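In what follows, a structure is listed as structure tokens, so that the remarks can point back to it.
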Amino acid sequence: MSNQSQQMETDVVVIGGGPSGSTTSTLIAQQGRRVELFEREKFPRFHIGESLIPETYWVLQRLNMLPKMQRSRFVRKYSVQFVNASGKQSAPFYFWDNRPHECSQTWQVVRSEFDKMLLDNAREHGVNVHEETRVLDVLFAGERAVGVRVRSADGYERDVRARVVVDASGQQAMLQNRLKLRVWDPILNKGAIWTYWQGAYRDSGRDEGATMVLQTADRKGWFWYIPLHDDIVSVGVVAPFDHLFKGRGSHEQTYQEEVDRCPAVKQRVSAATRVTGYFATKDYSYRSTATAGDGWVLVGDAWGFLDPLYSSGVLIALKSGQLAADAIVEGLASGDTSAAQLGKWGPAFNSGVDRMRRLVCEYYDGFSFGEFVRRYPELRGAITDLLIGDLFTECRDRVWTPMESLYPPGKQPIPAWFAGTPAEQVPDKRNDLTLPAGRKP
Ligand SMILES: Cc1cc2nc3c(=O)[nH]c(=O)nc-3n(C[C@H](O)[C@H](O)[C@H](O)COP(=O)(O)OP(=O)(O)OC[C@H]3O[C@@H](n4cnc5c(N)ncnc54)[C@H](O)[C@@H]3O)c2cc1C
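The numbering used here puts the first residue of the sequence shown at 1, with every later residue one more than the last.
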């Protein structure tokens, strides 16, 4: 059914109700602006991305989410710990030791619950949230975005005019695709397979909620080990796409083979019961060549996706949402919704994400946290700052020269993300998600 007779006008339209969309819309509505948010699913809905990092605290504070997080059942996370290919554990990187403030405690979240809390919070702040309503297209007048066409669950279609359109559609990345802005990262070509265990090993005390990053014995991949509430642990393997998905058996077989290659994980899940099937996704990292245009702006995964090694995705979603919201509120007040105004935060944000990307690439290229802090104990705090997600300041760059001093002879510099391939040159490359049979997205 199609009916475009009814039009609506608003200040801002947000496409997608994940963490980036909820953040952007809430912060704009807090300033008294009208925001319509369209989300194609009915929440709660499944999503991967369960481990938060401490810098999310400051955005959650602005969203008035902290009391809700503190009352929640989410497992408290105080640290991250690395286990190398031979099973040797680094000392945990305790965020609190680096910064003794309540911001140094973060959470391991079940995303269906967390995302619903954020979306409900957006409603409470005055955002008009429309679930089960898909954005079909972004409407343009020349180069300027002027609204969206939406279709609700009953098939009813309408146009919504807006002064600013925020693309928070996640890996769907509506505007990146339409405007051909996506560049695939030249080296971060990974995939992931994961499942959920009940009764798996848990540390105690302040280590109970630690994220563990455990390398496989052949060094080709690594496992995340994320303790959630209700005695569930999320355990996933990440490795080069070809290694995980080419010439291997079912996802279950591949997962089990990788568990066999990681004795520390095998031991931890040996007495546990698997409570779901196997989830799988391609995990190609990408970024957009533009942050904004006239009347539109990108946030979260719709702006870019970085390999999940250091659990930075939700921080990127929240932080970009906050920066975009501030630029939009300012632009609406001054009557300037140009690309320059809406995307003014882009260059510094890109540099911050570059710091996290470099740390990701260095790890895949042989960097050892244990060796680094043994050689440079005075830089333990600086490297923890990066793991916390405190990325958006140049003073974090003091770790790179010491890191380079540990390079083996002949190691090549890491290529920049924009040295990658524009997406339209590889039309079959996509980050498809496979859910266990019978499971709704
Ligand atoms: C394997 C893996 C592991 C990860 N682990 C972590 C982790 O431990 N920690 C972490 O912080 N991050 C992690 N991430 C990253 C994290 O999942 C994302 O970065 C984060 O969800 C981005 O939030 P978002 O709001 O931008 O997008 P999303 O959360 O994907 O939300 C986008 C929303 O837009 C909606 N939408 C899409 N298209 C339309 C449309 N046309 N109309 C209306 N609605 C639409 C979708 O339904 C969705 O609800 C991981 C990612 C992967 C792939």
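The beta-carbon is built from N, C-alpha and C at its ideal position, and this holds for glycine as well.
All values derive from a computational prediction rather than experimental measurement.
Report the rounded CA-to-CA distance for T26 versus R374, giving the unit in angstroms. If you number the sequence shown from 1, residue 26 lands on position 26. If you number the sequence shown from 1, residue 374 lands on position 374. Taken atom to atom, the span from the alpha-carbon of T26 to that of R374 is near 44 Å.
Can you confirm whether the region 270 to 279 touches the region 192 to 199 when touching is taken to mean that 3 or more C-beta pairs between the two stretches lie within less than 8 Å? Below 8 Å, enough C-beta pairs join the region 192 to 199 and the region 270 to 279 to call them touching: three or more.
Alpha carbon of G247 to alpha carbon of V265, nearest angstrom: Here residue 247 refers to the residue found at position 247 when the sequence shown is read from its first residue. Here residue 265 refers to the residue found at position 265 when the sequence shown is read from its first residue. If you take the alpha carbons of G247 and V265, they lie about 24 Å apart.
To the nearest angstrom, how far is it from the Cα of W184 to the Cα of K429? As a position in the sequence shown, residue 184 is number 184, starting the count at 1. As a position in the sequence shown, residue 429 is number 429, starting the count at 1. Spanning the two alpha carbons is a distance of roughly 9 Å.
So, for Y363: in the same chain, excluding its five sequence neighbours on each side, which residues have a beta-carbon less than 7 Å away from its beta-carbon? On the sequence shown, residue 363 is found 363 positions in, with the first residue counted as 1. Beyond the five residues adjoining it in sequence on each side, Y363 comes within less than 7 Å, by CB distance, of L309 in the same chain, given in chain order.
When the Cα atoms are used, what is the spatial distance from W303 to Q81? Here residue 303 corresponds to residue number 303 of the sequence shown, with the count starting at 1. Here residue 81 corresponds to residue number 81 of the sequence shown, with the count starting at 1. Distance between the alpha carbons of W303 and Q81 is about 29 Å.
Could you tell me which of L37, I53, I187 and M356 sits nearest to R149, measuring between CA atoms? The count along the sequence shown starts at 1 and reaches residue 149 at position 149. Nearest of L37, I53, I187 and M356 to R149, Cα basis: L37.
Exposed or buried, G346, counting other C-beta atoms within 10 Å across all chains shown (16 or more means buried)? To locate residue 346, count along the sequence shown from 1; it is residue 346. Answer is buried; the Cβ neighbour count reaches 16.
Do you know offhand how far A239's Cα is from K344's? Start at 1 with the first residue of the sequence shown, and residue 239 comes out as number 239. Start at 1 with the first residue of the sequence shown, and residue 344 comes out as number 344. Cα to Cα, the separation comes out at about 35 Å.
For the pair the region 371 to 390 and the region 49 to 69, tell me if three or more CB-CB distances fall below 8 Å. Under the three-pair Cβ rule at 8 Å, the region 371 to 390 counts as touching the region 49 to 69.
Tell me whether K190 sits in a helix, a strand or coil according to DSSP, three-state version. Start at 1 with the first residue of the sequence shown, and residue 190 comes out as number 190. Annotated three-state conformation of K190 is strand, per DSSP.
Apart from the five residues just before and just after R219, which ones in its own chain have a Cβ nearer than 8 Å to its Cβ? Taking the sequence shown and counting its residues from 1, the one referred to as residue 219 is at position 219. Excluding positions up to five away in sequence, the list reads A85.
What is the DSSP secondary structure of D242, counted as helix, strand or coil? To locate residue 242, count along the sequence shown from 1; it is residue 242. Three-state result, D242: helix.
Please specify which runs of the beta strand (DSSP E), each continuous and at least 3 residues long, are wholly inside the region 23 to 92, giving them in chain order. Here the runs fully enclosed are 35 to 38, 75 to 77 and 79 to 83.
On the DSSP bridge list, what partners appear for Y94? The sequence position of residue 94 within the sequence shown is 94, counting from 1. The partner list for Y94 (beta bridge, DSSP) reads S79.
Evaluate contact between the region 164 to 175 and the region 17 to 36, counting only Cβ atoms and requiring at least three cross-stretch pairs below 8 Å. The answer is yes - the region 17 to 36 touches the region 164 to 175, with three or more Cβ pairs under 8 Å.
So P227 is in the alpha helix (DSSP H); what residue range does that whole segment cover? Residue numbering aside, residue 227 sits at position 227 when the sequence shown is read from its first letter. Run containing P227: none in the alpha helix (DSSP H); it sits in the beta strand (DSSP E), W222 to P227.
Residue range of the beta strand (DSSP E) that L386 falls in? The residue you call residue 386 lines up with position 386 of the sequence shown. Element bounds for L386: not the beta strand (DSSP E) but the alpha helix (DSSP H), R380 to I388.
Neighbourhood of R161 by C-beta distance below 8 Å, restricted to the same chain and skipping five residues each side: Translated into positions along the sequence shown, residue 161 becomes position 161. Cβ neighbours of R161 beyond the five flanking positions: Q7, M8, E9, T10, L139, V146 and G147.
How would you write the range of the beta strand (DSSP E) that T211 sits in, first residue to last? Position 211 of the sequence shown, counted from the first residue, corresponds to residue 211. Looking at the DSSP string, the run of the beta strand (DSSP E) that includes T211 is T211 to Q215.
Local Cβ density within 10 Å of C395, reported as buried at 16 or more and exposed below that: Taking the sequence shown and counting its residues from 1, the one referred to as residue 395 is at position 395. C395 counts as exposed, since fewer than 16 other beta carbons sit within 10 angstroms of its beta carbon.
So, is S2 buried or exposed, given that buried needs 16 or more other C-beta atoms within 10 angstroms? On the sequence shown, position 2 is the one that residue 2 refers to. Interpretation of S2 is limited by its pLDDT of 48, a score under 50 that renders its predicted location unreliable; the figure taken from the coordinates is listed afterwards. The residue in question, S2, is exposed, as its Cβ has fewer than 16 Cβ neighbours within 10 Å.
State whether the region 288 to 299 contacts the region 318 to 331, with contact taken as three or more CB pairs (one from each stretch) at a distance under 8 Å. Yes, the region 288 to 299 is in contact with the region 318 to 331.
With DSSP as the reference, label D203 as helix, strand or coil. The residue you call residue 203 lines up with position 203 of the sequence shown. Three-state DSSP puts D203 in coil, outside helix and strand.
Given P427, which residues of its chain have a CB within under 6 Å of its CB, disregarding the five upstream and five downstream residues? Position 427 of the sequence shown, counted from the start, is the residue given in the question as residue 427. Excluding sequence neighbours, P427 sits near nothing in its chain.
Going by other Cβ atoms of all chains shown within 10 Å of its Cβ, with 16 needed for buried, is Q215 buried or exposed? Numbered from 1 along the sequence shown, position 215 holds the residue referred to as residue 215. So Q215 counts as buried.
What first and last residue would you give for the alpha helix (DSSP H) that runs through N350? The count along the sequence shown starts at 1 and reaches residue 350 at position 350. Unbroken alpha helix (DSSP H) run through N350: G346 to Y364.
Rounded to whole angstroms, how far is the Cβ of E41 from the Cβ of V129, which I believe are closer than 8 Å? For the purposes of this step, residue 41 is taken as the residue at position 41 of the sequence shown. For the purposes of this step, residue 129 is taken as the residue at position 129 of the sequence shown. A Cβ-Cβ separation of about 12 Å leaves E41 out of contact with V129 under the 8 Å criterion.
Output the boundary residues of the beta strand (DSSP E) element that contains L298. The residue you call residue 298 lines up with position 298 of the sequence shown. First-last of the beta strand (DSSP E) with L298: W296 to L298.
Neighbourhood of I226 by C-beta distance below 7 Å, restricted to the same chain and skipping five residues each side: As a first step, residue 226 must be located in the sequence shown, where it is residue number 226. Excluding residues within five positions, the ones whose Cβ falls inside 7 Å are E50, S51, Q108, T211, V233 and S234.
Check: I232 C-beta below 7 Å from any heavy atom of ligand 1: As a position in the sequence shown, residue 232 is number 232, starting the count at 1. Taking the Cβ of I232 as the reference point, every heavy atom of ligand 1 lies at 7 Å or farther away.
By a C-beta neighbour count over all protein chains shown, 10 Å radius and 16 as the cutoff for buried, is N64 buried or exposed? Residue 64 sits at position 64 when you count from the first residue of the sequence shown. Exposed.
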